Structure formats: structure tokens, C-alpha cells
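Notes for the one structure printed next.
In the working numbering, the protein residues as written are 199 to 506.
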């Protein structure tokens with residue numbers, strides 16, 4: 199390990215401004231290759247840690263919790279590393295290619311998935327699949343492995359589709375920073391509908407000829423919001439409790455008048471700046487509510503398109 203630390207110290211000490219463009223490019227390629235070798239070595243050591251029960255010495259209940267605590271990573275990342283190390287133990291060709299820097303960890307993970315899908319056939323085809331993983335770009339490899347899994351286990355392919363459907367989920371959660379975090383997974387067919395819809399919105403934007411300063415993730419996020427807005431604006435959608443659901447802002451008159459420190463919040467997300475509430479009020483139905491104190495409503499007015 200001292201040799202490794204010395205090599206890392208030497209890397210950190212390099213003056214990159216003095217390096218040529220060719221040296222920078224070649225250096226990045228070598229660093230990627232080295233990171234793959236380190237990934238293989240980490241997996242090899244993790245297998246030994248689990249085999250010897252090192253994780254139990256510190257009072258942990260699993261090697262995953264030990265790893266998360268010891269190297270200060272999230273539980274999900276630790277779980278992925280343990281899963282990869284366990285699989286590589288039974289995948290000699292894949293493990294060797296990763297250890298020689300020929301195979302990326304992403305490609306190795308795809309091969310692990312192929313082994314899980316058709317374990318018996320994978321043992322016979324591992325060499326061929328590793329060769330493909332070395333030669334193909336990530337997207338093409340994913341497609342090739344998907345077709346191989348279908349051919350290797352047709353019945354299992356149907357079961358995987360069912361599991362993908364059953365495993366669909368979407369988490370939409372307000373955060374303490376005031377944003378809304380979105381995380382989920384859907385089956386391939388549903389995902390294709392989502393991708394086509396997002397792409398259609400973005401394509402419509404690109405046709406106006408103006409330069410778009412947004413990043414690709416920002417455009418996708420805006421496209422998703424645009425789809426939601428379009429649905430909420432549809433006049434034929436179903437009513438709930440006599441009204442069509444829409445964004446609800448609760449705001450004190452003082453906030454609309456620009457005075458700080460008063461209530462201004464979205465129904466599910468929470469507080470927003472008064473400026474945002476005033477902007478939303480420019481195109482909204484407004485219902486006046488007269489209050490006695492903080493919680494006793496005295497009068498609720500009819501909804502109007504302007505502030506009365």
C-alpha cells in the first residue's frame with residue numbers, strides 16, 4: 199500500500215499546465231485503466247473480508263454495514279460493491295479482465311446482471327460476453343446483453359418483464375432545502391413512453407431556432423414539468439370534489455403586497471418566496487379567505503380570476 203500511496207502523491211504533484219494535449223489525453227486513459235484495476239483489487243479484498251468475518255469484529259451485523267461505516271459511503275453504494283465482489287468471485291474471466299484494466303466496472307455490472315438472468319448459460323458464454331464488453335460501447339453492450347439474456351432464457355425473460363413491472367416505483371419528496379427530489383424506476387415499455395414524451399417536448403423547444411443555454415438534465419426536468427402543467431391545464435380532465443386539481447398557493451395579503459415575514463406556501467412543498475407567489479397569482483383563480491387569528495376562517499369568497 200505504501201507504493202500505491204507514493205504513486206498517488208506523485209500524480210498529485212504533477213504540473214498539468216506543463217503537460218501537452220497528448221499527454222493529458224493519454225494520462226486520462228491510464229487513470230481509467232488504473233481505476234479498473236483498483237476496483238478489482240477492492241472486490242478481491244472485500245471477498246476476503248467477508249470470508250474471514252472481519253466485519254463482525256467491529257460489531258457490525260453485515261459486511262455491507264461494515265463497509266459503509268469503514269469507508270464512509272452510503273449504504274446503497276456499499277451494497278452494490280458487496281454485490282459486485284460476491285459475483286466476481288464466481289466469474290473468473292470477468293474478474294481477470296477487470297483486474298487487467300480491460301473491462302470497466304459498469305460493464306462488469308452488466309455482466310453480473312447477465313449471470314443472474316441465466317446463470318447456467320453464462321458459465322459457457324462468459325468468455326464471449328467479456329470480449330463483447332471490452333469491444334462495445336456501453337449502450338451497445340447493454341442492448342447486446344439484453345438480447346443474449348432473451349436467447350439464453352426465453353421463459354426467464356418473461357419473468358424479468360413481470361418483475362420489472364412489479365418493481366416500478368416513483369418517489370417525489372420535498373427536501374429540507376426547499377426543492378423536490380424525484381427518484382424512480384419503471385419497466386421498459388413505460389420508460390419508452392416517458393422518454394418519447396420528454397423528447398417531444400424538447401424537440402418542440404429546439405425548433406424555435408433560439409440558442410438554449412440549459413443543460414440536458416435541466417431540459418429534461420423542464421420537459422417533465424411542462425407535461426404536468428399541460429395535463430393540469432386540460433379542460434376535459436376529471437374533477438375531484440367538484441374541482442379540477444391544480445397548484446394551490448396559500449398566501450397572506452401582506453405577502454402579495456411585498457411585505458416579508460408572512461405566510462406564502464405551496465400546498466405540498468411548503469414555503470416559497472413572496473415574489474414566486476405574486477408571479478403565480480398573475481395567472482390564477484383567487485379565493486379570498488378572511489381569518490380570525492391564525493386558524494379560524496370567518497368567510498370564504500368565491501373564486502375569481504383576479505384579486506378582489
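Where is the CB? At the ideal position from N, CA and C, for every residue including glycine. Quick caveat, the model's predicted, so the values are computed rather than measured.
For residue 370, the enclosing beta strand (DSSP E) starts and ends at 367-372.
In the structure shown, residue 379 falls within a strand segment according to DSSP collapsed to helix, strand and coil. In this structure, residue 300 lies near residue 332, with their beta-carbon atoms less than 8 Å apart. Look at the beta carbons and you see the stretch 352-367 touching the stretch 377-393: at least three pairs across the two are nearer than 8 Å.
Under the three-state reduction of DSSP output, residue 335 falls in the coil class, being neither helix nor strand. Per DSSP, residue 292 is not a residue of any beta strand (DSSP E); the alpha helix (DSSP H) it occupies stretches across 290-297.
A check of alpha carbon separations from residue 302 across 351, 346, 236 identifies 236 as the nearest. Note on the stretch 234-268: there is no whole beta strand (DSSP E) run with a minimum of 3 residues.
Burial check for residue 206: the Cβ neighbour count within 10 Å stays below 16, so the residue is exposed. DSSP places residue 201 in the uninterrupted alpha helix (DSSP H) bounded by 200-210. The three-state reading of DSSP puts residue 225 in helix, counting H, G and I together. Taking a C-beta distance under 8 Å as the contact criterion, residue 454 and residue 475 qualify as a contact pair. The beta carbon of residue 312 is closer than 7 Å to those of 320, 327, 343, 346, 347 in its chain, skipping five residues each way along the sequence.
If you draw a straight line from the Cα of residue 478 to the Cα of residue 449, it is about 11 Å long.
DSSP places residue 394 within a helical segment (H, G or I) once states are collapsed to three. With a 10 Å radius around the Cβ and a threshold of 16 neighbouring Cβ atoms, residue 246 comes out exposed. The DSSP-derived three-state label of residue 471 is coil. Annotation: residue 329 to residue 272 spans about 32 Å, alpha carbon to alpha carbon. When the beta-carbon positions are compared, residue 293 and residue 282 stay at least 8 Å from each other. Within the model, the alpha-carbon separation for residue 396 versus residue 260 is close to 41 Å. According to the DSSP assignment, residue 413 belongs to no beta strand (DSSP E), since it is labelled neither H nor E. A direct Cα-Cα distance of roughly 35 Å separates residue 308 from residue 212.
The residue from 262, 233, 417, 370 with its alpha-carbon nearest to that of residue 298 is 233. In the structure shown, the three-state DSSP call for residue 465 is coil. Taking C-alpha positions only, residue 423 is separated from residue 339 by approximately 32 Å. The beta carbon of residue 304 sits closer than 7 Å to the beta carbons of 336 from its chain, once the five residues preceding and following it are set aside; these are given in chain order. The alpha carbon of residue 243 has as its nearest neighbour, out of 265, 257, 470, the alpha carbon of 265. For residue 209, the closest of 219, 199, 225 by C-alpha to C-alpha distance is 225.
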